[in-house]
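**Student:**
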Amino acid sequence: MPDIRRQLPILKGLLAPVNTPADIVATLNAAVHQALQGDIQAKLASSGMEPAPSTPEALKATIAADIALHAELVKAASIQPQ
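Quick note on this note's numbering: the sequence shown kicks off at 79 and runs consecutively.
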């Protein structure tokens, strides 16, 4: 079983429905980056969060990696679907 102590951070992200036009996704991403500047970022940091805005592609890759890790954990723990 993999050592998960450092592999499962809390992830928060903004998701849009499948097939949302790329220009809308880009606009939302830019708005999130702008919102996370200044006071908002400081407030989040003071509550223990570490804002790390990135790209839609990076979030997609992170989610895919998390799904693969969780699948491995489920398999290693012999968890059966109910």
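Yeah, the Cβ is synthetic: ideal placement off N, Cα and C, and Gly gets one too.
Predicted model only: the values in this text are computed from it and were never measured.
Kindly indicate which three-state DSSP category Glu135 falls into: helix, strand or coil?
**Tutor:** The answer is helix: DSSP assigns Glu135 an H, G or I state.
**Student:** With a CB to CB cut of under 6 Å and the five nearest residues on each side skipped, what residues in its chain are close to Pro129?
**Tutor:** Hits under 6 Å: Leu114, Gln119, Leu122.
**Student:** Alpha helix (DSSP H) containing Ser35: first to last residue?
**Tutor:** With the chain covering 79 to 160 only, the question about residue 35 has no answer from this structure.
**Student:** Note down the Cα distance separating Pro159 from Ala143, rounded to an integer number of angstroms.
**Tutor:** Approximately 21 Å between the Cα atoms of the pair.
**Student:** Quick check on this structure: which residue in Lys90, Leu137, Ser124 has the alpha carbon closest to the alpha carbon of Val103?
**Tutor:** The residue with the shortest Cα to Cα distance from Val103 is Leu137.
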